[in-house]
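Enquirer:
Protein chains: 2
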Amino acid sequence: MHLYQSSSSSSSSSSIRDKKVFAKLKLNLSGDYPRKNAELLSAQYGINLLLVGVALILAIAHRDASVEEKDLLSFTTGLMILQLIWMLWYILVRRSQRNTRTERDVNATTCWIRGGLTLLAILSLIMDALKIGYYVGYRLCLSASHVVYPVIHAIHTVAQVNFLWFHIKDVIKSFETFERFGVIHAVFTNLLLWCNGVMSETEHFMNNHVRRTLELEFKNITEGELELEPELHCNCTTSTCALFSQSFTYLFPFNIEYHIFVSVLLFVMWKNIGRTIDVSSNRKSLVTKTQGLTLGPILGLLALVSTIGILVVYITRLEGPREVHQSAISMFYIYGIVMLVVMCSAGALGLLIYRANHMPLDASKNPSRQLDTELLFGSALGSWFLSWCSIVSVLSSNSDPPHRWTNLIYSLLIVLEKYVQNLFIIESLYRRQESVERADPELPTNPEVSSVTASLPPLNGIDNQAYESPGGGSGPTENEQEENGQVYGSQRKQSNVPLPVDSHVAESSNMKRLILKNIAVLLLLCNVSLWILPAFGCRPQYDNGLEEETFGFSTWTNVLNFVIPLNLFYRMHSVASLFEVFRRV
Amino acid sequence: MHLYQSSSSSSSSSSIRDKKVFAKLKLNLSGDYPRKNAELLSAQYGINLLLVGVALILAIAHRDASVEEKDLLSFTTGLMILQLIWMLWYILVRRSQRNTRTERDVNATTCWIRGGLTLLAILSLIMDALKIGYYVGYRLCLSASHVVYPVIHAIHTVAQVNFLWFHIKDVIKSFETFERFGVIHAVFTNLLLWCNGVMSETEHFMNNHVRRTLELEFKNITEGELELEPELHCNCTTSTCALFSQSFTYLFPFNIEYHIFVSVLLFVMWKNIGRTIDVSSNRKSLVTKTQGLTLGPILGLLALVSTIGILVVYITRLEGPREVHQSAISMFYIYGIVMLVVMCSAGALGLLIYRANHMPLDASKNPSRQLDTELLFGSALGSWFLSWCSIVSVLSSNSDPPHRWTNLIYSLLIVLEKYVQNLFIIESLYRRQESVERADPELPTNPEVSSVTASLPPLNGIDNQAYESPGGGSGPTENEQEENGQVYGSQRKQSNVPLPVDSHVAESSNMKRLILKNIAVLLLLCNVSLWILPAFGCRPQYDNGLEEETFGFSTWTNVLNFVIPLNLFYRMHSVASLFEVFRRV
Numbered sequence: 001m002h003l004y005q006s007s008s009s010s011s012s013s014s015s016i017r018d019k020k021v022f023a024k025l026k027l028n029l030s031g032d033y034p035r036k037n038a039e040l041l042s043a044q045y046g047i048n049l050l051l052v053g054v055a056l057i058l059a060i061a062h063r064d065a066s067v068e069e070k071d072l073l074s075f076t077t078g079l080m081i082l083q084l085i086w087m088l089w090y091i092l093v094r095r096s097q098r099n100t101r102t103e104r105d106v107n108a109t110t111c112w113i114r115g116g117l118t119l120l121a122i123l124s125l126i127m128d129a130l131k132i133g134y135y136v137g138y139r140l141c142l143s144a145s146h147v148v149y150p151v152i153h154a155i156h157t158v159a160q161v162n163f164l165w166f167h168i169k170d171v172i173k174s175f176e177t178f179e180r181f182g183v184i185h186a187v188f189t190n191l192l193l194w195c196n197g198v199m200s201e202t203e204h205f206m207n208n209h210v211r212r213t214l215e216l217e218f219k220n221i222t223e224g225e226l227e228l229e230p231e232l233h234c235n236c237t238t239s240t241c242a243l244f245s246q247s248f249t250y251l252f253p254f255n256i257e258y259h260i261f262v263s264v265l266l267f268v269m270w271k272n273i274g275r276t277i278d279v280s281s282n283r284k285s286l287v288t289k290t291q292g293l294t295l296g297p298i299l300g301l302l303a304l305v306s307t308i309g310i311l312v313v314y315i316t317r318l319e320g321p322r323e324v325h326q327s328a329i330s331m332f333y334i335y336g337i338v339m340l341v342v343m344c345s346a347g348a349l350g351l352l353i354y355r356a357n358h359m360p361l362d363a364s365k366n367p368s369r370q371l372d373t374e375l376l377f378g379s380a381l382g383s384w385f386l387s388w389c390s391i392v393s394v395l396s397s398n399s400d401p402p403h404r405w406t407n408l409i410y411s412l413l414i415v416l417e418k419y420v421q422n423l424f425i426i427e428s429l430y431r432r433q434e435s436v437e438r439a440d441p442e443l444p445t446n447p448e449v450s451s452v453t454a455s456l457p458p459l460n461g462i463d464n465q466a467y468e469s470p471g472g473g474s475g476p477t478e479n480e481q482e483e484n485g486q487v488y489g490s491q492r493k494q495s496n497v498p499l500p501v502d503s504h505v506a507e508s509s510n511m512k513r514l515i516l517k518n519i520a521v522l523l524l525l526c527n528v529s530l531w532i533l534p535a536f537g538c539r540p541q542y543d544n545g546l547e548e549e550t551f552g553f554s555t556w557t558n559v560l561n562f563v564i565p566l567n568l569f570y571r572m573h574s575v576a577s578l579f580e581v582f583r584r585v
Numbered sequence: 001m002h003l004y005q006s007s008s009s010s011s012s013s014s015s016i017r018d019k020k021v022f023a024k025l026k027l028n029l030s031g032d033y034p035r036k037n038a039e040l041l042s043a044q045y046g047i048n049l050l051l052v053g054v055a056l057i058l059a060i061a062h063r064d065a066s067v068e069e070k071d072l073l074s075f076t077t078g079l080m081i082l083q084l085i086w087m088l089w090y091i092l093v094r095r096s097q098r099n100t101r102t103e104r105d106v107n108a109t110t111c112w113i114r115g116g117l118t119l120l121a122i123l124s125l126i127m128d129a130l131k132i133g134y135y136v137g138y139r140l141c142l143s144a145s146h147v148v149y150p151v152i153h154a155i156h157t158v159a160q161v162n163f164l165w166f167h168i169k170d171v172i173k174s175f176e177t178f179e180r181f182g183v184i185h186a187v188f189t190n191l192l193l194w195c196n197g198v199m200s201e202t203e204h205f206m207n208n209h210v211r212r213t214l215e216l217e218f219k220n221i222t223e224g225e226l227e228l229e230p231e232l233h234c235n236c237t238t239s240t241c242a243l244f245s246q247s248f249t250y251l252f253p254f255n256i257e258y259h260i261f262v263s264v265l266l267f268v269m270w271k272n273i274g275r276t277i278d279v280s281s282n283r284k285s286l287v288t289k290t291q292g293l294t295l296g297p298i299l300g301l302l303a304l305v306s307t308i309g310i311l312v313v314y315i316t317r318l319e320g321p322r323e324v325h326q327s328a329i330s331m332f333y334i335y336g337i338v339m340l341v342v343m344c345s346a347g348a349l350g351l352l353i354y355r356a357n358h359m360p361l362d363a364s365k366n367p368s369r370q371l372d373t374e375l376l377f378g379s380a381l382g383s384w385f386l387s388w389c390s391i392v393s394v395l396s397s398n399s400d401p402p403h404r405w406t407n408l409i410y411s412l413l414i415v416l417e418k419y420v421q422n423l424f425i426i427e428s429l430y431r432r433q434e435s436v437e438r439a440d441p442e443l444p445t446n447p448e449v450s451s452v453t454a455s456l457p458p459l460n461g462i463d464n465q466a467y468e469s470p471g472g473g474s475g476p477t478e479n480e481q482e483e484n485g486q487v488y489g490s491q492r493k494q495s496n497v498p499l500p501v502d503s504h505v506a507e508s509s510n511m512k513r514l515i516l517k518n519i520a521v522l523l524l525l526c527n528v529s530l531w532i533l534p535a536f537g538c539r540p541q542y543d544n545g546l547e548e549e550t551f552g553f554s555t556w557t558n559v560l561n562f563v564i565p566l567n568l569f570y571r572m573h574s575v576a577s578l579f580e581v582f583r584r585v
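Keeping their order, the protein sequence lines are chains A and B. Under full-length UniProt numbering, think of the first position of the first sequence as 1, with each following residue one higher. Under full-length UniProt numbering, think of the first position of the second sequence as 1, with each following residue one higher.
1) Let me see if you follow: with CB-CB separation under 9 Å, is residue 181(B) close to chain A or not?
2) Would you verify that the beta carbon of residue 479(A) is, or is not, closer than 9 Å to some beta carbon of chain B?
3) What does the Cβ neighbour count give for residue 97(A), buried or exposed, with the cut at 16 atoms within 10 Å?
4) Quick one: what's got a C-beta closer than 6 Å to residue 578(B)'s C-beta in the same chain, skipping five residues either side?
5) Cβ of residue 552(B) less than 9 Å from any chain A Cβ?
6) With a threshold of 9 Å between beta carbons, is residue 36(B) in contact with chain A?
7) Anything in chain B within Cβ reach of residue 149(A), meaning under 9 Å, just list it in chain order.
8) I need the DSSP call for residue 372(B), collapsed to helix, strand or coil.
9) May I ask you to verify whether the region 559-566 of chain B touches the region 538-546 of chain B, counting CB pairs closer than 8 Å and requiring at least 3?
10) Does the structure place the region 289-307 of chain A close enough to the region 321-329 of chain A that three or more beta carbon pairs sit under 8 Å?
11) Reducing DSSP to helix, strand and coil, say where residue 104(B) ends up.
12) Under a Cβ-count criterion, where at least 16 other Cβ atoms within 10 Å of its own Cβ denotes burial, should residue 423(A) be classed as buried or exposed?
13) Classify residue 511(B) as buried or exposed, calling it buried when 16 or more other Cβ atoms lie within 10 Å of its own Cβ.
14) Please confirm if residue 573(B) has its CB atom under 9 Å from at least one CB of chain A.
15) Under a Cβ-count criterion, where at least 16 other Cβ atoms within 10 Å of its own Cβ denotes burial, should residue 246(A) be classed as buried or exposed?
16) May I ask you to list, following chain order, the residues of the region 403-421 of chain B that have a beta carbon less than 9 Å from some beta carbon of chain A?
17) Does the CB of residue 194(A) have a neighbour CB from chain B at under 9 Å?
18) Taking 9 Å as the CB-CB cut-off, is residue 55(A) touching chain B?
19) At a CB-CB cut-off below 8 Å, which residues of chain B make contact with residue 389(A)?
20) Out of curiosity, what's the CA-to-CA distance linking residue 240(A) and residue 146(A)?
21) Could you check what DSSP says for residue 432(A) in three-state terms: helix, strand or coil?
22) Shorter than 9 Å from the beta carbon of residue 385(B) to some beta carbon of chain A?
23) So residue 41(A) contacts chain B; which residues on that side make the cut at Cβ distance below 9 Å?
24) Quick one: what's got a C-beta closer than 8 Å to residue 371(A)'s C-beta in the same chain, skipping five residues either side?
25) Give the residues of chain A in contact with residue 398(B), contact being defined as C-beta atoms less than 9 Å apart.
26) Which two residues bound the contiguous alpha helix (DSSP H) that contains residue 64(B)?
So this is what it looks like as structure tokens:
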């Protein structure tokens, strides 16, 4: 107030100061492209990149067309080379800036996710090697792009894993607009490679499916659906061609998961560009206790073993005559119902424990967790849609195959299971750490800071309310201040001094954590099981004939080809999330 | 610090206090279901509702199936009745709470959006009346659900418009979890009605298209594609049946836009549930000056008039022999290229003006604006995909129709135009109001507040940085404080006192605003034009044959049926956004 008055009275000195300020302001602004625009510019670029690729894929799927597979391979190879150049540039720039400290987002990824990705990458490398071997066998009929692609892809994989290990947590602060383009290019290159993998996998599966259906004498499918694979019109020059092409089948699923996971991680990196990381919010290292873990792992391993058994039986029986074929499908549904009932009960139990043990949710900013939530929700859509289609067709169908009503129950359980599991995972990820809550929330650990904060209106606007109201209007707890970035060294140490806690409360709380840990392990192993089945060819939705009758062959096949990859991603992603849950509770 | 020590020394008094606190805490917590979970619970419910409907729609699209249209109509009628009950309950509860002040989000909608919606609703009501008349004509062949549906739909429309006028801005604070279900039910009921409308429209269009294609002797399409409309197998009992069924065609587009707009508005209401509105962030009423608006409106009206001309010529010429048909398509592309070049230039000019006139972006929370951004971006996807498909097919095609290269240029321009237009609209919506910026940013208008804030680390975490850095590290400006909710009465009045501003700067700024206003009007009218064309049947993508050759009839038709409704929504939504831009600049 008085500042304003003094500046208007002594106008000559203030006008000089004003000019300086304006000049400074101008300097500051001109170098800076608005962040929102840079985001949008790069996101639009990335999306269009993907759309070009998808258009090429669709054109290839139509056999008569003049677009050939080598066009798509050249396009993706070009994108990979561009990404390699960018990564090289990025690493060199980082090297030259070694003196300046780079901020890092500790939430971006964990050691075990990077470890898992490295494993998937190694399997992808083996696949590349097999592809090169395959090319050598058929080199007379295949264009050069069929060998350039796996070579570049192998280099790309090695470089990318290296990049993920050392740079994925970086928070980029220089060349922001340019780096945004680089990162989003990497995101969408991986997404396109994922789409490409999904298409190849689907094509391969559909060829098998059509062949099998023709053998079963549902002869109403056109012969044109069968792909002209090199095996049919070309001689292999080495003795190992068949071995190579069969091995692909088992490595495809890992390659597909590798690319989608990398693109999710890179997307988090993209979201982090230009962010200011709140240093104090860095997560404490969690100590994972494994004692008392019995029921969950045992049931989970049982599920896993029986799944592999079911997979083998299903695939062998599907080739048999009609009755054996039908019995295989019925077996799958009964197995599925048992699995899903167990999973639903486990998830519901977890949610009940949470309801009995209220705790405010953590509303601090964390793009990685936010994305996890959205991906779980988004990828569940596909599977839900599949289930509702099955339900509609079961309820309306005129034919009455033996697996009709088990299919209905299975589909309803799928809807319920995803509903409950999403709630459980997301609530687990958003709950605060137990150890923090046990400290008395009434005690302002640093009176000076708390009094200053209390005298001000809430500065966080809306978000604040979410975790202030459950606290019952008490002063800010240690945890709230931590989120606001107001934690000082001295204060942190205090919270580590154990308060005299009621031993009964502690015991019941430990019991609850143990149950939650068991639930997380059980759900994790069940999700692995439900990933294995469709990933290795157990897809009764193609085989049961019921939905095909209601929706028509082409519509239903299109729906499945779109939805099953989404569902595979859902299962893998929930495995990753459940592991995180396991470590947190 | 000393509080902590004193509480541990005088243990007896503190333990009593602790118990009270715990009891209070428990009371506070037990009544409260975590907000994140309530969101997820209701969102999952809504999504599943929609998926059931889409599954039914897909089953109906396959003609041989046992699912009939009356099943879908009964389902949607049931949903509408449920929504009516909820709205009634909501209004009654609000009436009974008339004494307590309801918070309102002023950003949620504007008067003119509600006015536009009312207009669309009236057109929908006319459509319902026509449907009832149509049913009367064919009452012997149609099931009762065909008359119950339009009657309920009419009641639903009237009730919903009433609800939108008086309650859409409400920020719900009581029965939160229940209300979430109510609102999301309304959102997805409207989305399902949109899907249903889109399907009917597409079916109608496809029937016409197939009939026309057969007449042109591309006879490779199966006869089964033609829908069995009542006209073909049933006698009309009144004289007006044909009139009714023809009138539908012209009212469908409005009904479709009505439902999608309502669901967007209701979604914002859902996002607002439980929010704490920052009262000070209420937008000042904008005074829209219209002086100096000449070039934009003139060019825009010219575009609009020529569009209607093109539409009439296109539709009449399309029925003609092959050469006339081809010339109609070429005419469309040339017209499109001219339009898009004008739009691109206008958008680019707008962006250039923004670059020359740097201003920090407004980062305050506003779910409505956030959603606008996401919808613009998301719905542009469809159209981009279409363009890339066209480009792939033009570049790879073996045939050489006269419109080949114009199609290529047109498609490239579509990509560019949406890219530029999105950037322009979103930057316009996120820029702060000019009037605020003109106040001297260096002056801390209330020294007491600013000094307190400066002594603290930034409480807003990341967001803060976005608008602090452009200010050049100066104290918080009036605008920043406003966003943080720290505006006091005395301070606000001060900023209204006009500061002595350089007249040259003011003049150039006024000039810029005038140009921006003209651009907004021009783009608005051009977008209306580009909405009219596909909405009333001018869809050359179906007719030009080039893409059909590359992708195959069924794939290409599926792509178009999915993408064109998205594109229609994009155009309508950009019209709404551009009107907002027009009022802001």
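Heads up, the beta-carbon is just placed ideally off N, CA and C, and yes, glycines get one too. Since the model is a prediction, treat every value here as computed from it, not as a measurement.
Expert: Result, derived from the coordinates:
1) Taking the first residue of the second sequence as 1, we reach residue 181(B) at position 181. Judged by the 9 Å Cβ criterion, residue 181(B) is not in contact with chain A.
2) For this step, residue 479(A) is matched to residue 479 along the first sequence. Because residue 479(A) sits at a pLDDT of 39, beneath the cut-off of 50, its placement in the model cannot be relied upon, and the following sentence gives the value as read from the coordinates. Not an interface residue.
3) Position 97 of the first sequence, counted from the first residue, corresponds to residue 97(A). It is exposed - the Cβ of residue 97(A) has fewer than 16 other Cβ atoms within 10 Å.
4) Sequence index remark: in the second sequence, residue 578(B) carries index 578 (1-based). Around residue 578(B): 520, 523, 524.
5) Against the second sequence, residue 552(B) aligns to sequence position 552. Chain A, which has a Cβ nearer than 9 Å to the Cβ of residue 552(B), makes this yes.
6) Mapped onto the second sequence, residue 36(B) falls at position 36. Yes, residue 36(B) lies at the interface with chain A (some Cβ there is under 9 Å from its Cβ).
7) To locate residue 149(A), count along the first sequence from 1; it is residue 149. Correct list: empty, because the minimum Cβ distance to chain B is about 19 Å.
8) In the second sequence, the residue the question calls residue 372(B) occupies position 372. Here residue 372(B) carries a helix assignment [DSSP, helix/strand/coil].
9) With a cut-off of 8 Å, the region 538-546 of chain B and the region 559-566 of chain B count as touching, because enough Cβ pairs lie within range.
10) no
11) Residue 104(B) sits at position 104 when you count from the first residue of the second sequence. Reduced to three states, the DSSP call for residue 104(B) is strand.
12) Stepping through the first sequence from its first residue, residue 423(A) is reached at position 423. With 16 or more neighbouring CB atoms inside 10 Å of its own CB, residue 423(A) falls in the buried class.
13) Stepping through the second sequence from its first residue, residue 511(B) is reached at position 511. Classification of residue 511(B): exposed, given that the 10 Å Cβ count is below 16.
14) Residue mapping note: residue 573(B) aligns to position 573 of the second sequence, counting from 1. Taking Cβ atoms only, chain A never reaches closer than 9 Å to residue 573(B), which makes this a no.
15) Locating residue 246(A) in the first sequence gives position 246, where the first residue counts as 1. Around the beta-carbon of residue 246(A), fewer than 16 other beta-carbon atoms lie within 10 Å, marking it exposed.
16) 415, 418, 419
17) As a position in the first sequence, residue 194(A) is number 194, starting the count at 1. False, the Cβ-Cβ gap to chain B never drops below 9 Å.
18) As a position in the first sequence, residue 55(A) is number 55, starting the count at 1. Yes, its Cβ sits closer than 9 Å to a Cβ of chain B.
19) Within the first sequence, residue 389(A) is the residue found at index 389, counting from 1. Simply 55, 58, 59.
20) What you label residue 240(A) is simply residue 240 of the first sequence in a count that begins at 1. What you label residue 146(A) is simply residue 146 of the first sequence in a count that begins at 1. Distance between the alpha carbons of residue 240(A) and residue 146(A): 17 Å.
21) As a first step, residue 432(A) must be located in the first sequence, where it is residue number 432. Looking at residue 432(A) - three-state DSSP - the assignment turns out to be coil, as it is neither helix nor strand.
22) Here residue 385(B) refers to the residue found at position 385 of the second sequence. Yes, because at least one Cβ of chain A sits closer than 9 Å to the Cβ of residue 385(B).
23) Position 41 of the first sequence holds residue 41(A). In chain order: 419, 423.
24) Taking the first residue of the first sequence as position 1, residue 371(A) is located at position 371. Excluding residues within five positions, the ones whose Cβ falls inside 8 Å are 264, 267, 268, 271.
25) Position 398 of the second sequence, counted from the first residue, corresponds to residue 398(B). 66, listed in chain order.
26) If you number the second sequence from 1, residue 64(B) lands on position 64. Segment: none, residue 64(B) is in no alpha helix (DSSP H) and carries neither H nor E.
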